[in-house]
Amino acid sequence: MVGIWHGSVARTKPWLTSRVLIDKPWGVTAFGAASVRAVPDLARIQVSVIRVEASPEAAFAATTSGVHAVREAVRRLGLADTAVENSRLGLQSHWDGYGESRKFVGYKCASSFSIETPDLDEIQQLLIDVVAAGAHHVESVEFDVRAKPELRAQARREAVDAARRKARLYAEAAGLQLGAVVHIEDVDPERMRQEYRGHGGGGASGAGEDLAPGHVVVSAGVAIGFSIAHS
Numbered sequence: 060m061v062g063i064w065h066g067s068v069a070r071t072k073p074w075l076t077s078r079v080l081i082d083k084p085w086g087v088t089a090f091g092a093a094s095v096r097a098v099p100d101l102a103r104i105q106v107s108v109i110r111v112e113a114s115p116e117a118a119f120a121a122t123t124s125g126v127h128a129v130r131e132a133v134r135r136l137g138l139a140d141t142a143v144e145n146s147r148l149g150l151q152s153h154w155d156g157y158g159e160s161r162k163f164v165g166y167k168c169a170s171s172f173s174i175e176t177p178d179l180d181e182i183q184q185l186l187i188d189v190v191a192a193g194a195h196h197v198e199s200v201e202f203d204v205r206a207k208p209e210l211r212a213q214a215r216r217e218a219v220d221a222a223r224r225k226a227r228l229y230a231e232a233a234g235l236q237l238g239a240v241v242h243i244e245d246v247d248p249e250r251m252r253q254e255y256r257g258h259g260g261g262g263a264s265g266a267g268e269d270l271a272p273g274h275v276v277v278s279a280g281v282a283i284g285f286s287i288a289h290s
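For what it's worth, this note's numbering labels the leading residue of the sequence shown as 60, then goes sequentially.
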C-alpha cells in the first residue's frame, strides 16, 4: 500500500489501524513484506490425558497416573523431562445423553501438555507410544525452527528493502525524489498474511510457497514513511 501527499492537509489513510493514526502526512508511505522458509528442526505435540471417574479425587488420581505413564514413555524414547510441559488441568461433571435420558456419569479430569522433540524421524513412534501409555487425545502436531529469531530478523530486513523499493518506484513515477525515513511501523505477521497479500518483496514470499509442506515460514511486515526531497 502506498500513499503520496503534498502540503499540510491530512487525508484519510484507511490502511492504518485505529491504533495508529498519523495526523501529519509525511510524503510517501509504503508497505513491505517478506517471508523466509526453513526446514523444520523441531516438533511440538499437544496431547491430553482424559479420565472419567465416580469422584473428583478418583478422576484426579487416574489422570495423574496416566500423565506419569506418558512421561515414562517419553523417557524411554530418550527425551528429557524438560521436553514435557504441562499447559492446563481441568475437572468437570460428565453427562451422557440428552434431554430426559441425560444421566450423570461421573467427573472428567483432563490434563493437557506439550511434548517437544528435535527428532522428526521418530514422531510417528512418539505418537504411538504416548497413545499406548494413555494419552488418548492428540490435539496437534506443529513444526518449528529453533533459529526463528534469526529468521525473523532476516525477514524484517527484506521487508524494509521491499518497502524502500516500492516507495522509490512510486516516487519516481510521480516525478519525485525520496527523502529521509520519518516513520517506521512494525506490522504483525498474522495480520499481514490476511490483509496484505501481494505486497511482498524479495525472499521466499508468496501464498503458494507459504503453504508448501515440509517448511516453516517466518514472515515480517513493515510500513515506512519517507519525506519528499526538495531540490
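No residue lacks a Cβ here, since even glycine has one placed at the ideal position from N, Cα and C. As the structure is a prediction and not an experimental result, all values here were calculated from the model.
By Cβ distance below 6 Å, which residues in the same chain neighbour residue i in space, the five residues on each side in sequence not counted?
i	result
A169	S107, I109 and G149
A118	R110, E112, Y166 and C168
L80	Residue placement at L80 is poorly supported in this model, since its pLDDT is 49, which falls under 50; the coordinates are not used for a value here.
Have a look at residue i and residue j and give me their C-alpha separation to the nearest angstrom.
i	j	result
V281	H274	23 Å
L179	V164	40 Å
A226	P208	27 Å
V240	Y229	15 Å
S94	V276	6 Å
Q183	P115	33 Å
R215	L138	34 Å
I174	A128	14 Å
Y255	I187	Bear in mind that a pLDDT of 49 at Y255, under 50, signals an unreliable position, so the number given afterwards is only what the model happens to contain. Spanning the two alpha carbons is a distance of roughly 41 Å.
If residue i sits next to residue j, beta carbons under 8 Å apart, how far is it from one beta carbon to the other, in whole angstroms?
i	j	result
A192	A132	4 Å
D203	R96	Rounded, the Cβ-Cβ distance is 13 Å, inconsistent with contact.
G238	F172	Actually they do not touch by this definition, with Cβ atoms about 54 Å apart.
G86	A218	Not a contact, Cβ separation roughly 20 Å.
Counting C-beta neighbours from all protein chains within 10 Å, is the total for residue i 16 or more, i.e. buried, or is it exposed?
i	result
H289	exposed
T141	exposed
V98	exposed
V126	buried
A233	exposed
In chain order, what residues of the same chain lie with their CB nearer than 8 Å to the CB of residue i, ignoring the 5 residues before and after it?
i	result
H195	S107, V108 and I109
R130	D140 and V143
Only counting the same chain, and skipping five residues up and downstream in sequence, which positions put a Cβ closer than 7 Å to that of residue i?
i	result
R205	D100 and L101
R147	S171
Q213	V95
Next item on the list: Return the chain-ordered ranges of every beta strand (DSSP E) run that is complete within the stretch 165-238 and spans a minimum of 3 residues.
Entry: 196-203, all fully within the stretch 165-238.
Check: Fully enclosed by the stretch 75-143, which beta strand (DSSP E) runs are 3 residues long or longer?
Finding: Complete beta strand (DSSP E) runs here, min 3: 87-97 and 101-112.
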